[in-house]
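Participant: What follows is a single structure, and I will ask about it in a moment.
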Amino acid sequence: MKVENKFFIKTYGCQMNIYDSSKMAEILLNMQYKESDNMQDANLIILNTCHIREKAAEKIYSDLGRIRKIDSQKNKILIVAGCVAQAEGEAIFERAPYVDIIVGPQSYHDLENLLNKIKNEKVKNIMSLDFTDEEKFDKLPNIISKKQISSFVSVQEGCDKFCHFCVVPYTRGPEFSRKVEEVFRESLSLVSNGSKEIYLVGQNVNAYHGLSSDEDEFSLAKLIEHISKIKSLKRIRYTTSHPIDLTEDLIKLHGSNSKLMPMLHLPVQSGSNKILKKMNRKHSREEYIEKIRELKKYCPHIALSSDFIVGFPEETEEDFNQTLSLVREINFAQSYSFKYSPRPGTPASLKKQIPEEIKSKRLRILQDILSQQSLEFNNNFIGQKILVLFDKKGKFSNQILGKTPFLQSLYIEHSDETILGQILEVKVTAASYNSLKGVLV
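Laid out in structure tokens, this is it:
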């Protein structure tokens, strides 16, 4: 009796990894595998990994150990993909020799070939870590396997900024922009399959400079305008952005394009000019604030989110206080904050490190302020009517979840699942720092 091939993918980290996992799933479905939501039920397991912080990287090895324990017959094919694969390479085989394949984020288009080597040639410990962005996108299957209301489309990969805390230039390679027609075709296919919202994603997405078929260079703003022509597409978002690539045409587009949602994730990392310089961020506090002023001039109701790192080497109390003052000045709708985590091979990892207890204290202070700002932002919507794109069922029966234009999660108590994929008006009745509750109008 032929064994049914099933795969399970666990995704860690950013939206780019979510996109990459969806593409690996399409490759496997094309190979007649079936997707399983149960790791124990699968005979092929892929861990699509994140290397942005030490804790995230070490979690991979914990998960590998757990997988090893449940695989009593030792007959599963185990693949480590993503940025940990790219950064650590052979070291993964040394720590976990039972891993079959290591594949980097620019090489997973070769997944079918790698699997055939394992199965047919009985080879062990295969590694593929080449930087081949253009080849990757040319070879990916042009199929849409799942119907999704919100979908990711990779438009740009890699980064040339070399921030001193970040591994992305080393794990994802130099900046690369996909061709305009490729992005448009993929977006059109997703919308034809039911997507109402497209997230354009990249490590530094607003550095996009893709070429059209007639060699015309498109900025991200021009690309968004082009994709907006897809009639059934209702919402467009993009992430993640670097402040120095937030160009005037993109800023103005937030005020003129109704499909571009009024929510921007624009990481600043620190409010101290000294620390920004040591991070090699290539912008100042004042330049960041000016970008926000320009955005609000063209789109007064735009909401903002950011990333913050506390405890970066040489950060003093005064530097930290400057971060707090920036947070209070901008007033973010939501944000993500982390203790600085030294990453091997980055310049900041060689500097004298701030004690963990100081990092933890600063993080608690910052997160308290950011949580309060998120709560105040959400509370402002109580009693207001807002348009919500409903995209999935909730954890509880008779609960349906959706997203507001400002990317707030909103749930209603409702049993009719036919509203999934619709944009409906909702009156907000309650709020917490991370979600809203409402009723259909």
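Numbering (this note's numbering), first residue to last: 3 to 443. Even for Gly, the Cβ is constructed at its ideal location relative to N, Cα and C. Since this is a predicted model, take the numbers as computed values, not measurements.
Apart from the five residues on each side of it in sequence, which residues of its chain come closer than 6 Å, Cβ to Cβ, to Cys301?
Facilitator: By one-based count along the sequence shown, residue 301 stands at place 299. Answer for Cys301: His256, Gly257, Pro264, listed in chain order.
Participant: Rank Gly91, Glu96, Pro143 by C-alpha distance to the C-alpha of Asp132 and give the top, closest one.
Facilitator: To locate residue 132, count along the sequence shown from 1; it is residue 130. The shortest C-alpha to C-alpha distance from Asp132 to any of Gly91, Glu96, Pro143 is the one to Gly91.
Participant: In its own chain, which residues sit with a C-beta less than 7 Å from the C-beta of Lys361, not counting the 5 before and 5 after it?
Facilitator: Your numbering for residue 361 matches position 359 in the sequence shown. Correct list, in chain order: Val312, Gly313, Lys341, Tyr342.
Participant: For Lys181, does the three-state DSSP call read helix, strand or coil?
Facilitator: Along the sequence shown, one-based indexing puts residue 181 at 179. Correct three-state label for Lys181: coil.
Participant: Using a threshold of 7 Å, state whether the C-beta atoms of Ser152 and Asp370 are closer than that.
Facilitator: Residue mapping note: residue 152 aligns to position 150 of the sequence shown, counting from 1. Residue mapping note: residue 370 aligns to position 368 of the sequence shown, counting from 1. It is not a contact, given that the beta carbons lie outside the stated cut-off.
Participant: Would you identify the three-state DSSP class for Gly67, choosing helix, strand or coil?
Facilitator: Here residue 67 is taken as the residue at index 65 of the sequence shown, counted from 1. Three-state DSSP puts Gly67 in a helix.
Participant: In the DSSP assignment, find the beta strand (DSSP E) that holds Arg1 and state where it starts and stops.
Facilitator: Because the chain in this structure spans residues 3 to 443, residue 1 falls outside the shown range and cannot be described.
Participant: Could you tell me the alpha carbon to alpha carbon distance between Leu49 and Asn436, rounded to whole angstroms?
Facilitator: Counting from one through the sequence shown, the residue named residue 49 turns up at place 47. Counting from one through the sequence shown, the residue named residue 436 turns up at place 434. Taking the straight line joining both Cα atoms gives about 28 Å.
Participant: With 16 as the cutoff for other CB atoms within 10 Å, does His303 come out buried or exposed?
Facilitator: Mapped onto the sequence shown, residue 303 falls at position 301. Exposed.
Participant: Rounded to the nearest angstrom, what separates Asn115 and Ile29 at their Cα positions?
Facilitator: Within the sequence shown, residue 115 is the residue found at index 113, counting from 1. Within the sequence shown, residue 29 is the residue found at index 27, counting from 1. About 11 Å.
Participant: Using the Cα positions of Arg180 and Glu319, report the straight-line distance between them to the nearest angstrom.
Facilitator: Taking the sequence shown and counting its residues from 1, the one referred to as residue 180 is at position 178. Taking the sequence shown and counting its residues from 1, the one referred to as residue 319 is at position 317. Roughly 43 Å separates the two Cα atoms.
Participant: Consult DSSP for Ser230 and reduce its assignment to one of helix, strand or coil.
Facilitator: For the purposes of this step, residue 230 is identified with residue 228 of the sequence shown, where counting begins at 1. Ser230 carries a coil assignment under DSSP once its states are collapsed to helix, strand and coil.
Participant: Report the rounded CA-to-CA distance for Asn380 versus Ser417, giving the unit in angstroms.
Facilitator: Position 378 of the sequence shown, counted from the start, is the residue given in the question as residue 380. Position 415 of the sequence shown, counted from the start, is the residue given in the question as residue 417. When rounded, the distance between both Cα atoms is 25 Å.
Participant: Is the distance from the Cβ of Thr249 to the Cβ of His267 below 7 Å?
Facilitator: Mapped onto the sequence shown, residue 249 falls at position 247. Mapped onto the sequence shown, residue 267 falls at position 265. Cβ atoms of Thr249 and His267: not closer than 7 Å.
Participant: Touching or not, the stretch 320 to 337 and the stretch 273 to 282, by the rule of three or more beta carbon pairs under 8 Å?
Facilitator: yes
Participant: Output the distance between the C-alpha atoms of Leu426 and Ser260, rounded to the nearest integer angstrom.
Facilitator: Locating residue 426 in the sequence shown gives position 424, where the first residue counts as 1. Locating residue 260 in the sequence shown gives position 258, where the first residue counts as 1. Straight-line Cα distance between these residues: approximately 16 Å.
Participant: Hey, how far is the Cα of Thr348 from the Cα of Gly440?
Facilitator: Numbered from 1 along the sequence shown, position 346 holds the residue referred to as residue 348. Numbered from 1 along the sequence shown, position 438 holds the residue referred to as residue 440. Each residue's alpha carbon lies about 46 Å from the other.
Participant: Here's a check: name, in chain order, each residue in its chain whose Cβ is nearer than 7 Å to the Cβ of Ala445, leaving out the five neighbours to either side.
Facilitator: Because the chain is modelled from 3 through 443, residue 445 falls outside the range shown and cannot be assessed.
Participant: Could you tell me how far apart the beta carbons of Gln150 and Asn206 are, in whole angstroms, since I believe they sit closer than 8 Å?
Facilitator: Position 148 of the sequence shown, counting from 1, holds the residue named residue 150. Position 204 of the sequence shown, counting from 1, holds the residue named residue 206. That pair is no contact at about 24 Å.
Participant: If contacts are defined as beta-carbon pairs under 8 Å, then Ile226 and Leu262 qualify, I think. What distance do you get, rounded to the angstrom?
Facilitator: Against the sequence shown, residue 226 aligns to sequence position 224. Against the sequence shown, residue 262 aligns to sequence position 260. 6 Å between Cβ atoms; contact.
Participant: Please go through the same chain and pick out, in chain order, the residues whose beta-carbon is closer than 8 Å to the beta-carbon of Met3, but skip the five residues on each side of it.
Facilitator: Counting from 1 along the sequence shown, the entry for residue 3 is found at position 1. Caution is warranted here: a pLDDT of 49 is assigned to Met3, below 50, making its placement in the model unreliable, and no coordinate value can be reported.
Participant: Going by beta-carbon coordinates alone, are Phe154 and Tyr21 separated by less than 7 Å?
Facilitator: In the sequence shown, the residue the question calls residue 154 occupies position 152. In the sequence shown, the residue the question calls residue 21 occupies position 19. Yes, they are a contact pair.
Participant: When the distance is taken between beta carbons, is Gln336 closer than 7 Å to Ser376?
Facilitator: Sequence index remark: in the sequence shown, residue 376 carries index 374 (1-based). Sequence index remark: in the sequence shown, residue 336 carries index 334 (1-based). For Ser376 and Gln336, yes; Cβs fall inside 7 Å.
Participant: How about Val193 and Gly212: are their beta carbons less than 7 Å apart?
Facilitator: Numbered from 1 along the sequence shown, position 191 holds the residue referred to as residue 193. Numbered from 1 along the sequence shown, position 210 holds the residue referred to as residue 212. Result no, Cβ atoms of Val193 and Gly212 do not sit closer than 7 Å.
Participant: Indicate the three-state DSSP secondary structure (helix, strand or coil) for Leu142 in the structure shown.
Facilitator: Here residue 142 refers to the residue found at position 140 of the sequence shown. Note: Leu142 maps to coil in three-state DSSP.
Participant: Measure the C-alpha to C-alpha separation of Phe95 and Val101 and round it to an integer number of angstroms.
Facilitator: Locating residue 95 in the sequence shown gives position 93, where the first residue counts as 1. Locating residue 101 in the sequence shown gives position 99, where the first residue counts as 1. Rounded to the nearest angstrom, the gap between the Cα atoms of Phe95 and Val101 is 6 Å.
Participant: For Leu142 versus His111, is the C-beta distance shorter than 7 Å?
Facilitator: Start at 1 with the first residue of the sequence shown, and residue 142 comes out as number 140. Start at 1 with the first residue of the sequence shown, and residue 111 comes out as number 109. It is a contact, given that the beta carbons lie within the stated cut-off.
Participant: Would you mind working out which of Ile246, Leu412, Val125, Phe398 sits nearest Ile388, comparing C-alpha positions?
Facilitator: The residue labelled residue 388 in the question sits at position 386 within the sequence shown. The option with the nearest alpha carbon to Ile388 is Leu412.
Participant: Measuring only the C-alpha atoms, how far is Gly175 from Gln386?
Facilitator: Locating residue 175 in the sequence shown gives position 173, counting from the first residue. Locating residue 386 in the sequence shown gives position 384, counting from the first residue. Going by the C-alpha atoms only, they are around 45 Å apart.
Participant: Less than 6 Å between the CB of Leu412 and some heavy atom of the ligand NAD, yes or no?
Facilitator: Questions concerning the ligand NAD fall outside what the structure shown contains, since it holds no ligand whatsoever.
Participant: Can you give me the Cβ contacts of Asp162 inside the same chain, cut-off strictly under 6 Å, excluding the 5 residues immediately before and after it?
Facilitator: In the sequence shown, counting from the first residue as 1, residue 162 sits at position 160. Excluding sequence neighbours, Asp162 sits near Pro176, Glu177.
Participant: Based on Cα-Cα distance, which residue from Lys61, Lys284, Asn77 lies nearest to Val86?
Facilitator: Within the sequence shown, numbered from 1, the residue matching residue 86 stands at position 84. Selected option, being the one with the closest Cα: Lys61.
Participant: Could you tell me which of Lys298, Ile103, Gln401, Lys280 sits nearest to Ile253, measuring between CA atoms?
Facilitator: Residue numbering aside, residue 253 sits at position 251 when the sequence shown is read from its first letter. Across the set Lys298, Ile103, Gln401, Lys280, the C-alpha of Lys298 shows the shortest separation from the C-alpha of Ile253.
Participant: With DSSP as the reference, identify every bridge partner of Gly84, one or two as the case may be.
Facilitator: Within the sequence shown, the letter at position 82 stands for residue 84. Looking at the DSSP assignment, Gly84 forms a beta bridge with Thr51.
Participant: Count the other CB atoms, across all protein chains shown, that sit within 10 Å of the CB of Gln42; report buried if there are 16 or more and exposed otherwise.
Facilitator: Sequence index remark: in the sequence shown, residue 42 carries index 40 (1-based). Exposed: under 16 other Cβ atoms inside 10 Å.
Participant: What three-state label does DSSP hand Thr420 in the structure shown?
Facilitator: Residue numbering aside, residue 420 sits at position 418 when the sequence shown is read from its first letter. Note: Thr420 maps to helix in three-state DSSP.
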